[in-house]
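Everything below concerns the one structure shown next.
Residue numbers (the numbering used here): 20 to 409.
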């Protein structure tokens, strides 16, 4: 139903249908040319009510004129008038108070025209008029009734507009919140990556300092110039180590975290990682293909973390599913695939706070010039595939 009402053709179809009903009703209950013209205009103008909401003013005005010109109330006049009032409130062509006030005045005008017509019909038609009681409140019940109808139709349209605006505002606020959480998750993941890479770089720099320092004592026949150069290399390395330690103090949000001093994992630890997954109730197999080569520490660490996060997601979103970890060593790239036979990706929108693990995978792959693809697997379930070129 919502799809039908939201279709661009909906106002044209309903307006044309109401115009056709108008022609049929006028054929069955003929009216004066003024009445027929007003009723036709009131129904036909509804075809433009969505493209040009202000046209609904013509719709309502024509409905009032048609009703005022004849005491016979055509059914199509009721439908078109209510639809026009609803449209005015729905699109807030004017403030609802202005619309209701104008509708009340129009209702009074129609009532006065009808009172005059009742007086012309003869003494038996309106005893109040015969007796000269033109201010009798009972004569103005029509004004009250029409004003209530105007108020109800305009209020209904305005309520729908307010509800849709509130829904759009909530959706926009939720989207802003999700975007902010995604940014925060990406920043946190970059900081975690930087902390891990710091340990790798610090180890390499410390090795440079030690080797350069020891070379000045263990290399026989070393010239003074070469000895000074090695000492300068060792001094530069030590200075770099001091800068790295200061950088680490900025990056680490928990300086007392003992895990921060643990060696960074590599692909050699995948067997232990799979065993840990099994120990907590998961099911997983590890398959390694291709000629294994020694990769830079950053590639080893990133690949390990991607597998770790994929297995964690499998436990969280597909408990009991069987996961297969494939590590493929190619001539110029490392491919990591983690596939499970669970229910696959959810079709419902992810609630706030989810999806940060996938963000971390993409951040790690992008750091190495690679990419991560996630989604339903070829045989169902969920698939995570990372391509890490070197």
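Ideal Cβ placement from N, Cα and C applies to all residues, glycine included. None of the values given here were measured: they were computed from a predicted structure.
Other residues of its chain near residue i: CB distance less than 6 Å, five sequence neighbours each side excluded
i           : result
residue 165 : 126
residue 228 : 253, 256 and 257
residue 343 : 304 and 358
residue 346 : 307 and 355
residue 274 : Reliability of the predicted coordinates at residue 274 is poor, the pLDDT of 47 falling under 50, and no value is obtained from them.
residue 9   : In this structure the chain extends from 20 to 409, so residue 9 is not present and cannot be described.
residue 38  : 62 and 63
residue 246 : 235
residue 405 : 325, 355, 384 and 391
residue 75  : 68, 103, 106 and 107
residue 93  : 44 and 58
residue 177 : 108 and 115
residue 77  : 64
residue 302 : 341
residue 296 : 303 and 330
residue 332 : 376
residue 72  : 106, 110 and 112
Distance between beta carbons of residue j and residue i, contact taken as under 8 Å
i           : j           : result
residue 87  : residue 66  : Not a contact, Cβ separation roughly 24 Å.
residue 134 : residue 158 : 6 Å
residue 353 : residue 314 : 7 Å
residue 292 : residue 319 : Not confirmed; about 13 Å, so no contact.
residue 109 : residue 189 : Contact flag wrong, Cβ pair sits at about 19 Å.
residue 51  : residue 89  : 7 Å
residue 208 : residue 378 : 6 Å
residue 219 : residue 316 : 4 Å
Residue range of the unbroken beta strand (DSSP E) whose run includes residue i
i           : result
residue 99  : Not the beta strand (DSSP E): residue 99 falls in the alpha helix (DSSP H), residues 94-109.
residue 395 : 390-395
residue 406 : 401-408
Same chain, Cβ closer than 7 Å to residue i, neighbours up to 5 away in sequence not counted
i           : result
residue 324 : 383
residue 260 : 221, 224, 225 and 228
residue 364 : 394, 395 and 401
residue 249 : 231, 234 and 235
residue 215 : 283 and 320
residue 96  : 58, 61, 82, 85 and 86
residue 27  : none
residue 241 : 235
residue 309 : 347, 348 and 349
residue 47  : none
residue 206 : none
residue 387 : 317, 318, 321 and 407
residue 186 : none
residue 262 : none
Endpoints, alpha helix (DSSP H) assigned at residue i
i           : result
residue 37  : 29-47
residue 296 : 289-298
residue 239 : Note, residue 239: premise wrong, no alpha helix (DSSP H); not H, not E.
residue 53  : 52-63
residue 70  : Per DSSP, residue 70 belongs to no alpha helix (DSSP H) and is neither H nor E.
Spatial neighbours of residue i in its chain, beta-carbon cut-off 8 Å, leaving aside the 5 residues before and after
i           : result
residue 312 : 348
residue 351 : 408 and 409
residue 300 : 334, 338 and 339
residue 36  : none
residue 170 : 119 and 122
residue 368 : Caution applies to residue 368, whose pLDDT of 44 falls short of 50 and renders its modelled position unreliable; the value that the coordinates give is listed next. So the list is empty, once near-sequence residues are dropped.
Among the options, the one whose alpha carbon lies nearest that of residue i
i           : options               : result
residue 322 : 362, 336 and 283      : 283
residue 328 : 40, 403 and 209       : 403
residue 360 : 389, 399 and 237      : 399
residue 397 : 376, 72, 362 and 386  : 362
residue 115 : 173, 212 and 100      : 173
residue 79  : 178, 112, 47 and 241  : 112
residue 336 : 160, 212, 376 and 130 : 376
residue 31  : 185, 56 and 70        : 70
residue 381 : 128, 262 and 202      : 202
residue 129 : 161, 389 and 186      : 161
residue 156 : 131, 56 and 101       : 131
residue 175 : 53, 244, 101 and 204  : 101
Original post:
What are the complete alpha helix (DSSP H) segments, minimum 4 residues, inside the segment 302-370?
Top reply: Whole alpha helix (DSSP H) segments, 4+ residues: 316-336.
Original post:
Which ranges does the alpha helix (DSSP H) cover as unbroken runs of at least 4 residues, wholly within the segment 159-229, from first to last along the chain?
Top reply: Listed in chain order, there is nothing to give.
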